[in-house]
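Each position in the sequence shown, counted from 1, maps to that position plus 50 in our numbering. Even for Gly, the Cβ is constructed at its ideal location relative to N, Cα and C. Since the structure is predicted, the reported quantities are computational estimates derived from the model, not experimental observations. The next block holds one structure in the form of structure tokens; read it before the comments.
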Amino acid sequence: GVSRATSGILDKYKSDAVGGEDFTSSFDDVVRSAKELADDSKQVAKGGFFQRLFGSLKKAKERLLEHTRSVSQKLDSLGTSLQGGAQRERRRIDDLARIAQDNYDVYQRLKASTEQGAVQLAEWRAAYASLPVPADNMEAQQRNAIAARLDRFEKRLDDGRRAMVLAETTAA
51 GVSRATSGIL DKYKSDAVGG EDFTSSFDDV VRSAKELADD SKQVAKGGFF
101 QRLFGSLKKA KERLLEHTRS VSQKLDSLGT SLQGGAQRER RRIDDLARIA
151 QDNYDVYQRL KASTEQGAVQ LAEWRAAYAS LPVPADNMEA QQRNAIAARL
201 DRFEKRLDDG RRAMVLAETT AA
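Rendered as structure tokens:
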């Protein structure tokens, strides 16, 4: 699975996939046009019998056709906007999935390196422990230098383990 952080980002992008404010304004335009169409239909019904039959029948038909075209165009525009938004979100999700896989690969490499380093450190510590007691100050200084190098290597190994934990939290 994807880590919590990556999952949160994916969820955010998935929830924004409908197009945000562009979708809302386009949808509002469609609703407004549909309401205007309903209002025009009511106005046609208010006139007298002959006026309704002869006077405004043609106007009502033209208004209905125009509103139908307008709503159709707005719906087409809305559909195109949604498709574009979905494609953008698919690319973003794919990018996040690739990043999660890269993090997992880093984690695997760090894990292998730290395991190998731990084995090597154990071997070096055993070899250091088997060194004879220094006979003079020069040998004692060399032994202290070896001990300092082993300590530095152990700290680097610990840094590798910490990096591995960090990579693990962001990995898939």
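- Within the same chain, Arg193 come within 7 Å of Leu181 by CB-CB distance, once the 5 residues on both sides are set aside.
- Remark: C-beta atoms of Leu216 and Gly167 do not approach each other more closely than 8 Å.
- For Val215, the three-state secondary structure derived from DSSP is helix.
- A contact is defined here as three or more CB-CB pairs under 8 Å, and the region 199–213 meets this definition with respect to the region 156–176.
- Thr164 sits buried, since 16 or more C-beta atoms from the chains shown fall within 10 Å of its C-beta.
- Here Glu204 really is in contact with Leu171; their C-beta atoms are around 6 Å apart, less than 8 Å.
- When DSSP states are grouped into helix, strand and coil, Leu146 belongs to the helix group.
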